[in-house]
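Read through the structure below, which is laid out as structure tokens, and then see the notes.
Residue numbers (this note's numbering): -15 to 133.
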């Protein structure tokens, strides 16, 4: 598995924690920044990650900002992305099993590093269940194609 990860200024600490987790799990990743504590615009980091995942250059993506909301909204504008805002382990598991999410977003100002690690580990190690869920994902993809998004 190859993962793209990025944060804005509000998610630097959790991004570092998750990079450490991926190293422990032997997961290949590329860090798309940011590298500053100064205020930056989250779309400048969310959109490149989403585009790389949608293009198949990365299997999954992880985005972190202050709340996770802005990053998830931006990522979901990219065709083929299913980004979920996740702040608990149960949702991380089900968003992989049922929704086949290819990106998650978290908020550093909402959860701590320990919980973020648990969420990321669960999400990274959970497989899509397919079956009836694949039909639902197919309906979303079909709508995306028809609407030109």
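A virtual CB, placed ideally from N, CA and C, is assigned to each residue, including glycine.
Item	Value
Among 31, -11, 83 and 1, nearest to residue 13 - alpha-carbon criterion	-11
Three-state secondary structure assigned by DSSP to residue 14	strand
Identified DSSP bridge partners for residue 91	49
Given residue 121 as reference, the closest of 77, 66, 130 and 97 once Cα atoms are compared	66
Classification of residue 20 by the beta-carbon crowding that lies within 10 angstroms, buried from 16 upward	exposed
For residue 119 and residue 109, the rounded distance between their alpha carbons	22 Å
Contacts around residue 100, its chain only, beta-carbon distance under 8 Å, and the 5 residues preceding and following it disregarded	-2, 1, 2, 48, 90 and 92
Backbone secondary structure at residue -9 - three-state DSSP	strand
Nearest to residue 34 (by Cα), restricted to the options 81, 11 and 64	64
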